[in-house]
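Protein chains in written order, with this note's numbering: chain F, 161 to 445; chain Z, 56 to 330. Built from N, CA and C at the ideal position, the CB exists for glycine as well. The structure displayed is predicted, hence computed values, not measured ones.
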Amino acid sequence: MVFRFRRPPEHQPTAATVELEHVWVYRKGVPALEDISFRLERGEQVAVLGPNGAGKSTLFQVIVGILRPQRGRVRIYGSGPDRHLCIGYVPQRNQIDWRFPVTVWDAVMMGRVARIGFFRWPGPRDREAVAQALAEVGMDAYRERQIGELSGGQQQRVFLARALAQEAELLLLDEPLTGLDVPSQEALLAILDRLRHRGISIIVATHDLGQVMGRYDRVLLLNRRLIADGPPAEVLRPPILAQAFGSHLHILPLPEGTVAIPDTCCSNREMVQPLVSGRPGRDRP
Amino acid sequence: MVRALVAAVTVGIVCPVLGTFLVLQGMAFFGDALAHAILPGIVLAFLVGWPLALGALLFGLASAVAIGVISEREEIREDTAIGIVFAGSFALGVALLSTVRSYATDLAHILFGNVLGVSDDDLRLIVVLGILVLLLVVLFYKELLVMAFDPILAVVLRLPVRGLRYLLLVMLAITIVASLQTVGLALMIAMLVTPASTASLLARRVPSMMAVAAALGVASNVVGLYISFYLDVASGPTMVLVATAVFLGVFAADPRRRRREVHAAMSPGPLAPGR
Numbered sequence: 161m162v163f164r165f166r167r168p169p170e171h172q173p174t175a176a177t178v179e180l181e182h183v184w185v186y187r188k189g190v191p192a193l194e195d196i197s198f199r200l201e202r203g204e205q206v207a208v209l210g211p212n213g214a215g216k217s218t219l220f221q222v223i224v225g226i227l228r229p230q231r232g233r234v235r236i237y238g239s240g241p242d243r244h245l246c247i248g249y250v251p252q253r254n255q256i257d258w259r260f261p262v263t264v265w266d267a268v269m270m271g272r273v274a275r276i277g278f279f280r281w282p283g284p285r286d287r288e289a290v291a292q293a294l295a296e297v298g299m300d301a302y303r304e305r306q307i308g309e310l311s312g313g314q315q316q317r318v319f320l321a322r323a324l325a326q327e328a329e330l331l332l333l334d335e336p337l338t339g340l341d342v343p344s345q346e347a348l349l350a351i352l353d354r355l356r357h358r359g360i361s362i363i364v365a366t367h368d369l370g371q372v373m374g375r376y377d378r379v380l381l382l383n384r385r386l387i388a389d390g391p392p393a394e395v396l397r398p399p400i401l402a403q404a405f406g407s408h409l410h411i412l413p414l415p416e417g418t419v420a421i422p423d424t425c426c427s428n429r430e431m432v433q434p435l436v437s438g439r440p441g442r443d444r445p
Numbered sequence: 056m057v058r059a060l061v062a063a064v065t066v067g068i069v070c071p072v073l074g075t076f077l078v079l080q081g082m083a084f085f086g087d088a089l090a091h092a093i094l095p096g097i098v099l100a101f102l103v104g105w106p107l108a109l110g111a112l113l114f115g116l117a118s119a120v121a122i123g124v125i126s127e128r129e130e131i132r133e134d135t136a137i138g139i140v141f142a143g144s145f146a147l148g149v150a151l152l153s154t155v156r157s158y159a160t161d162l163a164h165i166l167f168g169n170v171l172g173v174s175d176d177d178l179r180l181i182v183v184l185g186i187l188v189l190l191l192v193v194l195f196y197k198e199l200l201v202m203a204f205d206p207i208l209a210v211v212l213r214l215p216v217r218g219l220r221y222l223l224l225v226m227l228a229i230t231i232v233a234s235l236q237t238v239g240l241a242l243m244i245a246m247l248v249t250p251a252s253t254a255s256l257l258a259r260r261v262p263s264m265m266a267v268a269a270a271l272g273v274a275s276n277v278v279g280l281y282i283s284f285y286l287d288v289a290s291g292p293t294m295v296l297v298a299t300a301v302f303l304g305v306f307a308a309d310p311r312r313r314r315r316e317v318h319a320a321m322s323p324g325p326l327a328p329g330r
């Protein structure tokens, strides 16, 4: 019998994993998300593509339940996001305090805290979940490493393992491939491919067009509003991309075909805002 | 002397253990501010005849709320809000205390401690409060750890974030009250932060960091107490000086320098500067 603060809601069997209906989010009076509606079914892997400032992080916050939309509804397996433990969030690497004295094992075990419940210690089931999650991402050999000693790709995998240890059925990955070299990117994508067969739904947010080609069931093109939602072949076309990327998209007609190159890059200032209201004394950027 | 010793040992365990959470979250300034901000609570409780702990707690919570309200405004940063509340509250406390005749001595004791003046009743309270805080740390360890490491994860896991934040605050206020006579409000921050900071240079994981911090806290306090006794110098400050000397020693010895150098050579690091 686990003493948990509140019981997680039942997953309604016919409900979509995620359903947004006409969601509007305002930040300081300005719309950050405009009239967003979409459905994600179990096992789907989609990319949310858009330039910096497009609202990708805001979208994640709304799905997780950190933010409540001013208008519209968010449904996770048929009920609001609150109390659901099945949503795993893999943060951007620059949001983590890598100097924190925790090992890989410790970091992944944190994902189990809700399942363990209050006033209890990790048990054999929890240790097994952590070990399995680490094996899934190939980080088992690094259990005892302090997280700051890892490479970027390894850090990303640790936080993915944390979401898996949490028994998440919906994974939200925020710019997971940014700053990773190609072998690390491929390693991570291979893991995501394996997860597909477990019925885990995945949403990857990225501003990098190149990462999206040829991989996802669907692409959601976002720039405050949902500009397109469909198979990559339909969405990843210059006239549609131009609506999202605007002047940040360079279209080159080449003999082989038209090439579209976005020039968005680097730091995503959106996420640098404290998502949970700041703790007293905590440094703010 | 025995009572002073027991008080010093208790405080030497409890402050660094709780202080570990402060150090890990960069809350040192907040801890210092809270210690000062509860002065009016203590003085009022004293004047009215209430338990000091109660006055301290009430003012601790009031200060935290005030900081929250002031920093809601865009124009005021959180650390500024903390500074304002801390100084204002402290001034209120000193002003209130100045209405009492033994003002000067009382103030010195409140600010810098008076461990040799600990009575049996005082000691009982110190030990009980100390055990209470340690118990709470044990009971809520994993939740507090998640809050400290990744507050977003705390929300994702549906932990009662607000409750946990207040819990930490309450534990801090109780710790400050328990340690008041031993080290005083002005130097409370050192007791909370210094041994834990030394431990952060030595330990790789949080439980061992707490254990090392507690060991260092006890050692500094006991050694400091004896030195102060034989040199006839104020005890609280001496304990702090010993703890600080230990920190500087460990810092200079730099036990993990080699590992840092190796790590820096191996990878340029994807970490964003400043975080």
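Item, Value
"For M299(F), return the contacting residues in chain Z, with the cut-off set at a CB-CB distance below 7 Å.", "Ordered by position in chain Z, no residue passes the 7 Å Cβ test against M299(F), which lies about 16 Å from the chain."
"Note down, in chain order, all residues in the stretch 233-260 of chain F with a beta-carbon under 8 Å from any beta-carbon belonging to chain Z.", "D242, R243, H244, L245, I247, G248, Y249, P251, R253, N254, Q255, I256, D257, W258 and F260"
"Flag this pair as yes or no: are the beta carbons of D341(F) and V250(F) separated by less than 9 Å?", "no"
"Drop a sphere of 10 angstroms on the beta-carbon of Q314(F), count the other beta-carbons inside from all chains shown, and report buried for 16 or more, exposed for fewer.", "buried"
"Just the chain F side, please: which residues come within less than 9 Å of R156(Z) by C-beta, in chain order?", "Neighbours of R156(Z) on chain F: none; closest Cβ ~36 Å, over 9 Å."
"Closer than 9 Å, Cβ to Cβ, to anything on chain F: give me those residues from the stretch 198-222 of chain Z, in chain order.", "E198, L200, V201, M202, A203, F204, D205, P206, I207, L208, A209, V210, V211, L212, R213, L214, P215, V216, G218 and R220"
"For a test of the three-state rule: what should DSSP assign to V206(F), helix, strand or coil?", "strand"
"What's the C-alpha gap between T65(Z) and P106(Z)?", "20 Å"
"Note down the Cα distance separating A175(F) from R202(F), rounded to an integer number of angstroms.", "9 Å"
"What's the C-alpha gap between V98(Z) and D161(Z)?", "10 Å"
"What does the alpha-carbon distance come out to for the pair G312(F) and Y302(F)?", "14 Å"
"How about H357(F): is its Cβ closer than 8 Å to a heavy atom in the ligand ZN?", "Absent from the structure shown: the ligand ZN. Ligands present: none."
"With 9 Å set as the bound, which would you pick, yes or no: does the beta-carbon of V72(Z) sit closer than that to a beta-carbon of chain F?", "no"
"Given this structure, state the Cα-to-Cα distance separating V238(Z) from D287(Z), to the nearest angstrom.", "16 Å"
"Rounded C-beta distance between L245(F) and P168(F)? I'm assuming under 8 Å.", "5 Å"
"Taking DSSP as the reference, what is the three-state secondary structure of G417(F)?", "strand"
"Please state the DSSP three-state secondary structure of D286(F).", "helix"
"Give a yes or no on whether 9 Å exceeds the smallest Cβ distance from G213(F) to chain Z.", "no"
"Hey, how far is the Cα of R444(F) from the Cα of R285(F)?", "Note that R444(F) has pLDDT 38, beneath the 50 cutoff, so the model's placement of it is unreliable and no number is given."
"Roughly how many angstroms lie between the CA atoms of V278(Z) and G81(Z), to the nearest whole one?", "28 Å"
"Determine, using beta-carbon pairs with one atom in the stretch 259-272 of chain Z and one in the stretch 129-147 of chain Z, whether at least three such pairs fall under 8 Å.", "no"
"I'd like the list of long-range same chain contacts for E179(F), defined as Cβ closer than 6 Å, with 5 residues on each side in sequence excluded.", "R199 and R235"
"Between L79(Z) and A203(Z), is the Cβ-Cβ spacing less than 9 Å?", "yes"
"From this set, R397(F), G277(F), R253(F) and L294(F), which residue's C-alpha is nearest D266(F)'s C-alpha?", "L294(F)"
"Quick one: is E416(F) buried, meaning 16 or more other Cβ sit within 10 Å of its Cβ, or exposed?", "exposed"
"Classify W265(F) as helix, strand or coil using the three-state DSSP reduction.", "helix"
"Please list the partners that A321(F) has in chain Z, where partner means a Cβ-to-Cβ separation under 9 Å.", "Within 9 Å Cβ-Cβ: nothing; A321(F) doesn't reach chain Z, min ~13 Å."
"For R354(F), name the three-state secondary structure that DSSP assigns.", "helix"
"Exposed or buried, what is S153(Z) when buried is set at 16 or more other beta-carbons lying within 10 Å of its beta-carbon?", "exposed"
"When you compare only the Cα positions, how much space is there between L320(F) and M294(Z)?", "45 Å"
"Comparing the C-beta of E128(Z) with each C-beta of chain F, is any distance below 9 Å?", "Here residue 128(Z) is Arg; the residue named in the question, Glu, does not match the sequence. False, the Cβ-Cβ gap to chain F never drops below 9 Å."
"Quick one: what does DSSP say A274(F) is sitting in, helix, strand or coil?", "helix"
"Spell out whether any CB of chain Z is found under 9 Å from the CB atom of G438(F).", "Residue confidence is low: G438(F) scores 39 on pLDDT, short of 50, so the model does not pin down where it sits. Its coordinate-derived value is still stated next. Yes, contact with chain Z."
"By a C-beta neighbour count over all protein chains shown, 10 Å radius and 16 as the cutoff for buried, is G491(F) buried or exposed?", "Residue 491(F) is absent from the structure shown; chain F starts at 161 and stops at 445."
"Taking DSSP's pairing of strands, which residues face Q449(F) in a bridge?", "As displayed, chain F neither begins before 161 nor continues past 445, which places residue 449(F) out of reach and without an answer."
"Alpha carbon to alpha carbon, how far is R233(F) from M431(F)? Give it in angstroms, no decimals.", "Caution applies to M431(F), whose pLDDT of 38 falls short of 50 and renders its modelled position unreliable; the model cannot decide the point."
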